[in-house]
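Residue numbers (my numbering), protein chains in the order written: chain A, 13 to 409; chain B, 57 to 301. The beta-carbon is built from N, C-alpha and C at its ideal position, and this holds for glycine as well. All values derive from a computational prediction rather than experimental measurement. Structure first, commentary second.
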């Protein structure tokens, strides 16, 4: 009697007691569903985080300098020189000066943010210019009163004809020389498309800021994020001799930390869900033991007719394994379905684009684990059946 | 003729608490190929023990049991399963059909364990069922058949593997006298075709329809000879009858 034949027999038996089989596999179904949805949720969260970070630029370092009195300080030129000297890891640099002044178009007050940047900033952030021109070196050097505005501002306040017009920041009037291409999928207030960029030198003067304390530096390779961070930190330490005087934040590092936190959380949740697989396995063992007792006579007949112990053992193990595997498949399907539902609910509740994506790996693992649970927990009852004495079994009522 | 079943001083002892029950006490006998033998005895006479040993469901405590020249006492459980499949056909009092399978599938079971292909199994099982007159009920479940029909299915199942010995344990016990007679008639027909049949019964009226009677009492053989002889149905001890005629 070969494996296929035994398998067919197992399917026959499972089909003969559908209701019981279904209830037996329920524990496995719930366990697998839970694992799939949780892992899917984790994947979705990770993807969401990565997307959010990617839009901020994962290849950049943000340097904030608090300084240390007036004795030690770092000038913009020092920072440029640092980038120049570490060309192997560091790529471009732009100082960033955030303006606090009121922004006005005519008599209307805008909630937009105005930031002073260098001519490289648009390349660093991968922003495109749709009309006019970007900020140029000469603008920075001569502290020109010009600016580039986001598409939202262009559309909302200038009806798409912002280039050549003026905008008021604090008491000063700036000429709009360029309009950025739309960045976000949807233009909204407060987003990137609601930004104004001007030369950092101009911004520093307008806001009366003596020193510039924030810089964005891009790196060549995301893999080298920690090296790049170290280089910047070392340079700054040489000047300040105090690591509290500055902070260097690497986006990639933050993303990594976030990802590993999500990983830990998801693993813990999946383990908790996995416990229900254990409970499901015990359920299978329980029902199989009952089934062996119920079918004692059948086992006796089969043995009298020439079934060897191994064949009986195999029959029951396969039956348990198949029951669990079918439960696993149902769990996987249900898991996919619930992932869809979860996506809809999460998207609606949190107003984010989070998709619950079960990974192929987790699906395969779930199937393997459920079949293994069936086989492992089916073994004990199967052994009991295999070792039944045919004489007693035949006499059993 | 060649000897198919040979008991040499076969003993089977059971421990019941402090007491040792001698279910078979130095039984020696020979059954030749083609014989139709009834092993008769009251309950407790040791006939069930004898049947279990002949049927390779159990092994003797001491003594030798040779089935077709092979020493069964030396075999392990898997070898016993194999030899049951190969050499023995069982007919039980309670039919012992598998209720969830159709009667065709029931008859296929011994062939399945013999490792015969599905197609051949189907053919042979169908033939066997045709031989007992159930060709029109192949797809039925056992519960849809009468007792006599179910017993005929179990006869087909016993025959399908072409066993050396057909072992019938009280085959008429659960049937009314008319269907009981039909079953005996089938067994007699099989005997005429050359099958070796060992029938175990407590019922003398059934036993006398065979060729030879081996009577057991308290684990001993008390008569072994022609079924038609007057002394074949004589009880040797003064025990009152229970359950017989």
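- Straight through space, the alpha carbons of residue 313/A and residue 150/B are spaced by roughly 11 Å.
- Using a Cβ distance threshold of 9 Å, residue 148/B and residue 232/B do not count as a contacting pair.
- Sixteen is the threshold: since fewer than 16 other Cβ atoms of the shown chains lie within 10 Å of the Cβ of residue 273/A, the residue is exposed.
- Sequence-ordered contacts of the stretch 319 to 330 of chain A with chain B read 319, 320, 321, 322, 323 [C-beta pairs closer than 8 Å].
- Counting only runs of at least 3 residues, the stretch 176 to 239 of chain A fully encloses the following beta strand (DSSP E) elements, listed from N- to C-terminal order: 178 to 181, 184 to 192, 207 to 211, 226 to 231.
- Within chain B, no residue has its CB atom less than 8 Å from the CB of residue 352/A, the nearest being about 39 Å off.
- As far as DSSP is concerned, residue 281/A takes part in no beta bridge.
- Close to residue 32/A, with beta-carbon spacing below 8 Å, lies no residue of chain B; the smallest spacing is near 13 Å.
- Note that the stretch 109 to 120 of chain B touches the stretch 134 to 147 of chain B; at least 3 beta-carbon pairs, one per stretch, sit closer than 8 Å.
- Ranking 101/A, 168/A, 210/A by CA distance to the CA of residue 149/A puts 210/A first.
- By the CB criterion at 9 Å, residue 344/A and residue 379/A fall inside the cutoff.
- DSSP places residue 144/B within a strand segment (E or B) once states are collapsed to three.
- When DSSP reads this structure, residue 141/A sits in a beta bridge with 192/A.
- The beta carbon of residue 166/B lies closer than 7 Å to those of 141, 213, 216, 217 in the same chain, with the five residues before and after it left out.
- Among the residues of chain B, those whose CB is under 9 Å from the CB of residue 314/A are 154, 165, 169, following chain order.
- For residue 134/B, a Cβ of chain A is located within less than 9 Å of the residue's own Cβ.
- At a cut-off of 9 Å, the C-beta of residue 230/B has no neighbouring C-beta in chain A.
- In the assembly as shown, residue 307/A is a buried residue. Its beta-carbon has 16 or more other beta-carbons within 10 Å.
- Going by DSSP, residue 224/B is part of the beta strand (DSSP E) stretching over 221 to 225.
- Flagged as an interface residue toward chain B: residue 310/A, by a C-beta distance shorter than 9 Å.
- Note on the stretch 294 to 356 of chain A: whole alpha helix (DSSP H) runs with a minimum of 4 residues are 308 to 316, in chain order.
- Within the stretch 109 to 126 of chain B, the residues whose Cβ lies closer than 8 Å to some Cβ of chain A are 111, 113, 114, listed in chain order.
- Within chain A, the residues placing a beta-carbon under 7 Å from that of residue 137/B are 315, 318, 319, 320, ordered along the chain.
- Contact between residue 48/A and residue 356/A is ruled out by a C-beta separation of about 17 Å, above the 8 Å threshold.
- DSSP places residue 160/A within a strand segment (E or B) once states are collapsed to three.
- With contacts defined by Cβ atoms closer than 9 Å, residue 393/A and residue 319/A do not form a contacting pair.
- Residues of the stretch 191 to 211 of chain B that bring their beta carbon within less than 8 Å of a beta carbon in chain A are absent altogether.
- Taking 9 Å as the threshold, the shortest C-beta distance from residue 275/B to chain A does not fall below it.
- Contact check between the stretch 156 to 169 of chain A and the stretch 252 to 272 of chain A: fewer than three CB pairs, one atom from each, fall below 8 Å, which does not count as touching.
- Against chain B, the beta carbon of residue 17/A has neighbours under 7 Å at 168, listed in chain order.
- A check of alpha carbon separations from residue 151/A across 362/A, 137/A, 129/A identifies 129/A as the nearest.
- Nearest in C-alpha terms to residue 176/A, of all of 167/A, 144/A, 155/A, 195/A, is 144/A.
- Boundaries of the alpha helix (DSSP H) around residue 18/A: 15 to 28.
- Annotation: residue 176/B to residue 126/B spans about 28 Å, alpha carbon to alpha carbon.
- At least one beta carbon of chain B lies nearer than 9 Å to the beta carbon of residue 402/A.
- By the CB criterion at 9 Å, residue 90/B and residue 252/B fall inside the cutoff.
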